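One structure is given here, and the rest of the page talks about it.
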Amino acid sequence: VFHLLFSVFRIYLMLLALINPFKSAEYMNIFNTTFTIKILIIALCD
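If you're matching positions, the sequence shown starts at -14 in my numbering and goes up one per residue.
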């Protein structure tokens, strides 16, 4: 389930980057830091 949500969110960010590159840069920074931590936690739990 998580991997599906993750890929959907990635596609959403790519679309966002096409529409508004400056805003998406901010989101990418937030996305990278928070999701890297979440991925590490979930990878360890799995």
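Each residue gets a CB set at the ideal place from its N, CA and C atoms; glycine is no exception. No experiment lies behind these values; they were computed from the predicted model shown.
In the three-state reduction of the DSSP assignment, residue 14 falls in the helix class, which pools H, G and I. Each residue's CA atom was taken as its position, placing residue -7 and residue 29 some 22 angstroms apart.
Residues of the same chain with a CB within less than 7 angstroms of the CB of residue 24, apart from the 5 flanking positions on each side, do not exist.
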